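One line per chain: the protein sequences are A and B, in this order. If you're matching positions, the first sequence starts at 871 in this note's numbering and goes up one per residue. If you're matching positions, the second sequence starts at 9 in this note's numbering and goes up one per residue.
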Amino acid sequence: MNRATAILPAGAASALRWFRWPSLLGLLGFWYLIALLLDDPVLVPSPLATLAAFHHHLVAGDLLFSLAVTLARVAVAFTLAMILGSIFGILLGRSQIMDDLFGGWLVIALNMPALVTMVLCYVWFGLNESAAVLAVTINKAPVVAAITREGARAIDSSLLEMTKVFAVPRLRVLRRIILPQIAPSFMASARAGLALTWKIVLVVELLGRPSGVGFEIRTFFNYFDIASILAYSLAFIAIVMTIESWILQPVERHVERWRHP
Amino acid sequence: MSGLQLQGITREFARPAAHAVLRSIDLTVAPGELLGLVGPSGSGKTTLLRIIAGLDQTFGGTLLWPDGHRPKTAMVFQEPRLVPWLSILDNLLLVAGEEHLAEAKTVLAEVELGGSEHAFPAQLSGGMQRRASLARALLAKPALLLLDEPFISLDAACAGRMRKLVTTYWQKHGITILLVTHDLREAIELSTRIVALSPAEGRLMTDRPILLPYPRQNTDPAIEQILESLRPLTQDWPQPATTDQTPAAPSYFSRARSRFLALSRSMA
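1. Select from B/L192, B/P158 and B/K149 the residue whose C-alpha is nearest the C-alpha of A/F1036.
2. Between the region 262-270 of chain B and the region 225-236 of chain B, do three or more beta carbon pairs fall short of 8 Å?
3. Counting only C-beta atoms, is A/I1047 closer than 8 Å to chain B at any point?
4. Chain B partners of A/F1036, CB-CB under 7 Å?
5. Identify, in the order they occur along the chain, each residue of the same chain with its Cβ nearer than 6 Å to the Cβ of A/I1017, setting aside the five sequence neighbours on each side.
6. Take the Cβ of A/S936 as the centre, count every other Cβ of all protein chains shown within 10 Å, and call the residue buried at 16 or more, exposed below.
7. Alpha carbon to alpha carbon, how far is A/Y992 from A/V986?
8. Kindly say whether A/M1057, judged by its beta-carbon, lies nearer than 8 Å to any beta-carbon of chain B.
9. Between the C-alpha atoms of A/V1121 and A/V1110, what's the straight-line distance to the nearest angstrom?
10. Per the DSSP calculation, B/V203 is bridged to which residue(s)?
11. What first and last residue would you give for the alpha helix (DSSP H) that runs through A/Q1051?
12. Whole angstroms is fine: what's the gap from A/R890's alpha carbon to B/Q131's?
13. Kindly list, in the order they appear in chain B, the residues whose Cβ is closer than 8 Å to that of A/P1054.
14. In whole angstroms, what separates the C-alpha of A/T1010 from that of A/N1092?
15. Taking CB distances under 8 Å as the criterion, tell me whether A/A1028 reaches chain B.
16. Do you know how far the Cα of A/W1116 is from the Cα of A/L908?
17. Let me confirm a value: A/W888 is counted as buried when at least 16 other C-beta atoms fall within 10 Å, else exposed. Which label applies?
18. Between B/P248 and B/I33, what straight-line distance do the alpha-carbon atoms span, to the nearest angstrom?
19. Give a yes or no on whether the C-beta atoms belonging to B/L57 and B/D156 are separated by under 8 Å.
20. With three or more beta-carbon pairs closer than 8 Å as the criterion, would you say the region 132-139 of chain B touches the region 80-96 of chain B?
21. Helix, strand or coil, according to DSSP, for B/H27 in the structure here?
22. For chain A, check one thing: does any of its Cβ atoms lie closer than 8 Å to the Cβ of B/R265?
23. Could you check where the alpha helix (DSSP H) with B/Q243 kicks off and where it finishes?
24. Check each candidate in A/F1090, A/L1077, A/L976 and A/G899 and name the one with the smallest Cα separation from A/G996.
25. Less than 8 Å between the C-beta atoms of B/R201 and B/I218, yes or no?
26. Quick one: Cα of A/A922 to Cα of A/A1001, how far?
27. Does chain A have any CB closer than 8 Å to the CB of B/R216?
28. Any C-beta of chain A sitting closer than 8 Å to the C-beta of B/F67?
29. Excluding the 5 residues preceding and the 5 following A/I1113 in the sequence, name in chain order all residues of the same chain whose CB lies nearer than 6 Å to its CB.
30. Measure from the alpha carbon of B/G105 to the alpha carbon of each residue in B/R144, B/A165, B/C166 and B/I60, then state which is nearest.
31. Along the chain, where does the beta strand (DSSP E) containing B/I183 start, and where does it finish?
32. Compare the beta carbon distance of B/S199 and B/G76 with 8 Å and say whether it is the shorter of the two.
33. Give a yes or no on whether 8 Å exceeds the smallest Cβ distance from A/E1031 to chain B.
34. List, in chain order, every chain A residue whose beta-carbon is nearer than 7 Å to that of B/R89.
35. Quick check: is the beta carbon of B/W178 nearer than 8 Å to any beta carbon in chain A?
36. I believe B/H181 touches B/V46 by the beta-carbon criterion, under 8 Å. Please report the beta-carbon distance rounded to the nearest angstrom.
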């Protein structure tokens, strides 16, 4: 009876992927059930009430504007953090001296509470856009650096020896040998970082920006408007999931295609 | 014209216990020579080759190059060392440059990989990867070619053809070749001169010219004679080894075929 599953090769587990959507529907049903049982539309609005709130903010409110503003902040901070984090990560991973000197700094940066960097940035640089983006960048860059450092450490030295004997030009070695080996950890830190960045951006907005999803959520919090909070966060989750599965995952598959020819 | 001179080359390793792999090696390699460097496993052949290749800088003694600097060098490593994420063709172009596309295809055809240009290394058998690595070295048009056990994991017939390819290339371009091998017969068949490293002490033992005309057949009785006369040399080698001790990995198709045959038998 279990024969069909028993003889499936290991890779065929992904054949069960179509369960993903029914399972998400189950979660929706669970939410509906809780809302029905509690019967308190203010505290736990039903999915339908949330959808209504979503429609209201889409048509009459600032939903699209807020999403756009927040996404712009995410994009800038994400890009800066990826660039800075990768540079530091590669330096630490490839140079023992740099790692000995600055490895401790990285540990401090990794353990610095996000809230502290935000407050300090706002206090030192004022309640402005640059301070907000800087705070997010400082929070995210160490994570990128830590993951990239591991990737840079794992670079295959036997291939570098080969290019040395053949005197392959440095630029070609960088493009063909070094970057492809850093790419997987770069992609891993991009994916881990995207989720982290947008969560931090919301808090930064809540603390000191007059626009964006975080700002809106603070307003709804003041009015105890749970349906709108859920509508905003679900809209934002949907956007980030779309970026993840339409941009990041295809890029990652392209970069990794030699592993599964 | 003087060749490459090795003067008192010494190399010590600290681990597992402090020991010398090479002790004061003196050797001159004449230009255009095909020098066979033989010795059992662990005698320091590869270490010496790495020193000459410039990959090992922590040795004692001096390397004197004919023109004061290392000539254009190519190497076939003991492992193929192909870049896994580049196709075979791109692996060759990596060292030669994109502009040598036509030549790269020619060399690949010469090592019998004409149909595998766009395959990734992992899709090829061990022997095919080794031939790709040989093709890469030939395409680089070196003045000095370093070969570290280039013909292991090839089947006997294929190894024979590749040996012929290397000697033809060597004769045509007049380059210097250093061939490291544990197979004395192979060294005799290819080399103009044979140098042997002792099993444990890391010293040079034999230095002997092989004065047979090319092309040579490895069934030639003269080779048999030289092999016999050098037999005392190999007596204290830890393991007598043969060329095709490592069978080539079965290709995807041969595996699929045997699986299919097993399946059809079970149906009957």
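Backbone N, C-alpha and C define an ideal beta-carbon position, used for all residues, glycine too. Here the structure is a predicted model, which means the values were calculated and not measured.
So, from the listed chains and residues:
1. The count along the first sequence starts at 1 and reaches residue 1036 of chain A at position 166. Looking at the Cα atoms, B/K149 is the closest of the given residues.
2. no
3. Translated into the one-based positions of the first sequence, residue 1047 of chain A becomes position 177. Closer than 8 Å to some Cβ of chain B, the Cβ of A/I1047 qualifies, so yes.
4. As a position in the first sequence, residue 1036 of chain A is number 166, starting the count at 1. What A/F1036 touches in chain B: A82, V103 and A148.
5. Mapped onto the first sequence, residue 1017 of chain A falls at position 147. Closer than 6 Å at Cβ, skipping near neighbours: S1055, A1058 and S1059.
6. Numbered from 1 along the first sequence, position 66 holds the residue referred to as residue 936 of chain A. Counting Cβ neighbours within 10 Å, A/S936 comes out buried, since at least 16 surround it.
7. For the purposes of this step, residue 992 of chain A is identified with residue 122 of the first sequence, where counting begins at 1. For the purposes of this step, residue 986 of chain A is identified with residue 116 of the first sequence, where counting begins at 1. So the alpha carbons of these two residues sit roughly 10 Å apart.
8. Residue mapping note: residue 1057 of chain A aligns to position 187 of the first sequence, counting from 1. So, not an interface residue.
9. As a first step, residue 1121 of chain A must be located in the first sequence, where it is residue number 251. As a first step, residue 1110 of chain A must be located in the first sequence, where it is residue number 240. Roughly 15 Å between the two C-alpha positions.
10. The sequence position of residue 203 of chain B within the second sequence is 195, counting from 1. Beta-bridge pairing links B/V203 to B/L45 and B/D215.
11. Here residue 1051 of chain A refers to the residue found at position 181 of the first sequence. It spans L1049 to G1078 - the alpha helix (DSSP H) in which A/Q1051 sits, taken as one unbroken run.
12. Your numbering for residue 890 of chain A matches position 20 in the first sequence. Your numbering for residue 131 of chain B matches position 123 in the second sequence. Those two C-alpha atoms are separated by around 33 Å.
13. Start at 1 with the first residue of the first sequence, and residue 1054 of chain A comes out as number 184. Here the premise fails: no neighbours, minimum Cβ distance about 10 Å.
14. Here residue 1010 of chain A corresponds to residue number 140 of the first sequence, with the count starting at 1. Here residue 1092 of chain A corresponds to residue number 222 of the first sequence, with the count starting at 1. Looking at the sequence itself, residue 1010 of chain A is Lys, so the reference to Thr does not match. When rounded, the distance between both Cα atoms is 29 Å.
15. Sequence index remark: in the first sequence, residue 1028 of chain A carries index 158 (1-based). The sequence shown places Ser at residue 1028 of chain A, rather than the Ala named in the question. By this cut-off, A/S1028 is an interface position.
16. Counting from 1 along the first sequence, the entry for residue 908 of chain A is found at position 38. Counting from 1 along the first sequence, the entry for residue 1116 of chain A is found at position 246. Their backbone Cα atoms lie some 37 Å apart in a straight line.
17. The sequence position of residue 888 of chain A within the first sequence is 18, counting from 1. It counts as exposed.
18. The sequence position of residue 248 of chain B within the second sequence is 240, counting from 1. The sequence position of residue 33 of chain B within the second sequence is 25, counting from 1. Annotation note: pLDDT 46 at B/P248 (below 50); position unreliable, coordinate value reported separately. One C-alpha to the other measures close to 24 Å.
19. For the purposes of this step, residue 57 of chain B is taken as the residue at position 49 of the second sequence. For the purposes of this step, residue 156 of chain B is taken as the residue at position 148 of the second sequence. In contact: B/L57 and B/D156 (Cβ atoms closer than 8 Å).
20. yes
21. Here residue 27 of chain B refers to the residue found at position 19 of the second sequence. Looking at B/H27 - three-state DSSP - the assignment turns out to be strand.
22. Position 257 of the second sequence, counted from the first residue, corresponds to residue 265 of chain B. It does not; no Cβ of chain A falls within 8 Å.
23. For the purposes of this step, residue 243 of chain B is identified with residue 235 of the second sequence, where counting begins at 1. Here the alpha helix (DSSP H) through B/Q243 covers R239 to Q243.
24. One-based indexing of the first sequence puts residue 996 of chain A at position 126. It is A/L1077 whose Cα lies nearest to the Cα of A/G996.
25. Here the question's residue 201 of chain B lines up with position 193 in the second sequence. Here the question's residue 218 of chain B lines up with position 210 in the second sequence. Contact: yes.
26. If you number the first sequence from 1, residue 922 of chain A lands on position 52. If you number the first sequence from 1, residue 1001 of chain A lands on position 131. Taking the straight line joining both Cα atoms gives about 35 Å.
27. For this step, residue 216 of chain B is matched to residue 208 along the second sequence. So no, B/R216 is outside the interface.
28. For the purposes of this step, residue 67 of chain B is identified with residue 59 of the second sequence, where counting begins at 1. No, because no Cβ of chain A sits closer than 8 Å to the Cβ of B/F67.
29. As a first step, residue 1113 of chain A must be located in the first sequence, where it is residue number 243. So no residue of the chain qualifies.
30. Locating residue 105 of chain B in the second sequence gives position 97, counting from the first residue. Comparing Cα positions, the closest option is B/R144.
31. Numbered from 1 along the second sequence, position 175 holds the residue referred to as residue 183 of chain B. Where B/I183 is concerned, there is no enclosing beta strand (DSSP E), given that its DSSP letter is neither H nor E.
32. Along the second sequence, read from residue 1 onward, the residue named residue 199 of chain B stands at position 191. Along the second sequence, read from residue 1 onward, the residue named residue 76 of chain B stands at position 68. No, these two residues do not count as a Cβ contact at 8 Å.
33. Your numbering for residue 1031 of chain A matches position 161 in the first sequence. Closer than 8 Å to some Cβ of chain B, the Cβ of A/E1031 qualifies, so yes.
34. One-based indexing of the second sequence puts residue 89 of chain B at position 81. Simply S1028, L1029 and M1032.
35. As a working note, residue 178 of chain B is residue 170 in the second sequence. Chain A contact via Cβ: absent.
36. In the second sequence, residue 181 of chain B corresponds to position 173, counting from 1. In the second sequence, residue 46 of chain B corresponds to position 38, counting from 1. Wrong, their Cβ atoms sit about 24 Å apart, outside the cutoff.
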